[in-house]
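Visitor: Take this structure, written in structure tokens, and hold onto it; I'll ask about it next.
Here's what the structure looks like:
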């Protein structure tokens, strides 16, 4: 690629993530596949477990060491890297158009970066944006040549309107029934909550990763005095006087919200991470998302 893809991804970033891949490891079910090679990279699958031998199993995968010790026929099960579907779902509601650095622009870069990682590894990458409904989708495709299609899709995505996370995720899940990794990128500031949205994907046995993007101004508001607060999604107005006790109460409520979302995700088997837009998105992907097991 001779030039930077329209300002979202730099050549330096592409070089840093060239060997990363999106991770979702599955234990093979049904017949034992044995030493099947990955179609994408030529790496062997890894040993995962044993199960008792059944007539029709491939005798090459009997574990003779267990037979020698226990006089019991056991076959080896392996883990393989599947031809993954990677779904990137981006919140484009009005609340995302806020902060320095801007939350929506930051999230666009994260989506573009993860899409690149998926595409170059021949995973099938699909993208969607939502506000009060599922607004736009890009059907899953694979191969580096589709990166500019993703970039154009993201650059053309409008940011505005209310938020209905549940309705958007339900529709996206129905339109994309193939199992895969769902990466949901949002500020999760939907008054209607996030419970049903995450449940839709978990119920369909998706591997869910929730990335909550917030600005430094939301995490630690630099406010004082008399202010009029206007909700960007429904234009509700509130006049308040900013005081230290009020800011402390705000931070307590925000921390409670973050903790509850994190706990809900963990209970449902989803992964979760909060990201401040103050953190360079390159470091988020290369360091933090790798630490949390989304890429490796």
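Numbering (this note's numbering), first residue to last: 208 to 503.
Ideal Cβ placement from N, Cα and C applies to all residues, glycine included.
#1: Return the Cβ separation of residue 394 and residue 420 in integer angstroms, given the expectation that the two are a contact with Cβ distance under 8 Å.
#2: Under 6 Å Cβ to Cβ from residue 228, same chain only, skipping five residues before and after it: list those, please.
#3: Have a look at 310, 278, 300 and flag the residue whose alpha-carbon is nearest the alpha-carbon of residue 486.
#4: Could you check if residue 432 is buried or exposed, using at least 16 other CB atoms within 10 Å of its CB as the buried criterion?
#5: Spell out the partners DSSP gives residue 231 in its beta bridges.
#6: In whole angstroms, what separates the C-alpha of residue 282 from that of residue 473?
#7: Have a look at residue 219 and residue 489 and give me their C-alpha separation to the nearest angstrom.
#8: From residue 424 to residue 353, what distance separates their C-alpha atoms?
#9: Below 8 Å on the Cβ atoms is my guess for residue 422 versus residue 369; work out the distance and round it to an integer in Å.
#10: Between residue 260 and residue 312, what straight-line distance do the alpha-carbon atoms span, to the nearest angstrom?
#11: Taking a contact to mean a Cβ-Cβ separation below 8 Å, would you say residue 296 touches residue 392 in this structure?
#12: I need the boundaries of the beta strand (DSSP E) containing residue 444, first residue and last residue.
#13: Which residue comes first and which comes last in the alpha helix (DSSP H) that contains residue 218?
#14: Taking the beta strand (DSSP E) that residue 293 belongs to, which residues open and close that run?
#15: Note the first and the last residue of the continuous alpha helix (DSSP H) segment covering residue 426.
Guide: In brief:
#1: 6 Å
#2: Setting aside the 5 residues that flank it on each side, residue 228 is surrounded in the same chain by 328, each with a C-beta closer than 6 Å to its C-beta; the list follows chain order.
#3: 310
#4: When all chains shown are included, residue 432 counts as exposed.
#5: For residue 231, which the question treats as bridged, DSSP gives no partner whatsoever.
#6: The straight-line gap from Cα to Cα measures roughly 33 Å.
#7: Roughly 10 Å between the two C-alpha positions.
#8: Rounded to whole angstroms, residue 424 to residue 353 spans 35 Å at the Cα level.
#9: At roughly 19 Å, the Cβ-Cβ gap does not stay under 8 Å, so residue 422 and residue 369 are not in contact.
#10: Cα-Cα distance, rounded: 54 Å.
#11: The answer is yes: Cβ separation under 8 Å.
#12: 444 to 449
#13: 218 to 223
#14: 292 to 298
#15: 423 to 426
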